[in-house]
Amino acid sequence: DSVLTFNTKQILEQDYDYKGNRDIMYGDEEFENFELYLEWKIPKGGNSGIYYHIKEGYGGFADMAPEYQLLDDENYAEIHDYELKDWQLTAADYAMHVPDTTQKVLYPPGKWNSSRIIFTSNNVEHWLNDKKVLSFIPWTEQWYEKRNSGKWDNFPDYGKYKKGYIGLQDHGSNLWFRNIKIKKL
């Protein structure tokens, strides 16, 4: 059925609990057009992300791969004494596209959320808890204008790859993922 489900080597039905320090985990297969579904939770003040179209050989994945942001929107700024921009919040296409707050439902830290990324060369969708919160068309003139006028201005390789790995980020806080499913489109 073209669905690949990632299971850890831990006991079946046990959640994967990754405690590391700013690392990324990704599978050994590259994807072009895909649908990714997963469930996740983070602690109070937590930060993580889902990267796609990762290519090896870069100093950091964040400088070249798009990211579906995962964050404790409510508490992160206060805990880390950091002012957040709307493009840094959960379900954002980090530093590029902002989620629709009228559609966004984010459960509190410690509770399970679900995310879905549907990526094709004609349209990209970010879903959060069964609600579509953003949509954009990659590699259009508007997309390049946005990329070249913001955070990625000095990163010419950001978002340029049309095929690559999918990775789960550890950004220094505990995080949990389960029910990870990916389908090629």
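My numbering puts the first residue of the sequence shown at 1131, with every later residue one more than the last. Virtual Cβ for every residue (Gly too), placed ideally from N, Cα, C.
(1) Closest by CA to tyrosine 1206, which one among Thr1220, Pro1229 and Asp1283?
(2) I'd like the list of long-range same chain contacts for serine 1303, defined as Cβ closer than 8 Å, with 5 residues on each side in sequence excluded.
(3) Got a sec, what are the start and stop residues for the beta strand (DSSP E) tyrosine 1257 sits in?
(4) Grouping DSSP H, G and I as helix and E and B as strand, with all else coil, what is phenylalanine 1307?
(5) May I ask you to report which of helix, strand or coil DSSP gives tryptophan 1242?
(6) Taking buried to mean at least 16 other C-beta atoms within 10 Å of its own C-beta, is glycine 1297 buried or exposed?
(7) Tell me the DSSP secondary structure of aspartate 1216 in three-state form.
(8) Do the region 1233–1240 and the region 1154–1166 make contact, defined as three or more Cβ pairs closer than 8 Å?
(9) Classify isoleucine 1209 as buried or exposed, calling it buried when 16 or more other Cβ atoms lie within 10 Å of its own Cβ.
(10) Can you have a look at glycine 1294 and say buried or exposed, based on whether 16 or more other CB atoms are within 10 angstroms of its CB?
(11) Kindly indicate which three-state DSSP category asparagine 1151 falls into: helix, strand or coil?
(12) Which value, in whole angstroms, describes the spacing of the CA atoms of lysine 1281 and alanine 1225?
(13) Of the choices Ile1180, Glu1159, Glu1169 and Glu1160, whose alpha-carbon is the least far from that of histidine 1301?
(14) Can you tell me whether glycine 1289 is buried or exposed, with buried defined as 16 or more other CB within 10 angstroms of its CB?
(15) Between histidine 1183 and the rest of its own chain, which residues show a CB-CB distance below 6 Å, the 5 nearest in sequence each way excluded?
(16) Could you name the residues of the same chain whose beta carbon sits closer than 6 Å to that of valine 1088, not counting the 5 residues immediately before and after it, in chain order?
Considering the structure as presented:
(1) Thr1220
(2) Ile1172, Pro1173, Gly1175, Gly1176, Asn1177 and Ser1178
(3) Looking at the sequence provided, one finds tryptophan at residue 1257 rather than tyrosine. Element bounds for tryptophan 1257: 1253–1258.
(4) strand
(5) The answer is coil: DSSP assigns tryptophan 1242 none of H, G, I, E or B.
(6) buried
(7) helix
(8) No, because fewer than three Cβ pairs between the region 1233–1240 and the region 1154–1166 fall closer than 8 Å, the two stretches do not touch.
(9) exposed
(10) Label assigned to glycine 1294: buried.
(11) With a pLDDT of 40 at asparagine 1151, under the threshold of 50, the modelled position of this residue cannot be trusted; read the value that follows with caution. Asparagine 1151 falls in the coil class under three-state DSSP.
(12) 6 Å
(13) Ile1180
(14) buried
(15) Ala1195, Tyr1291 and Gly1294
(16) Since the first and last residues shown for the chain are 1131 and 1315, residue 1088 lies out of range.
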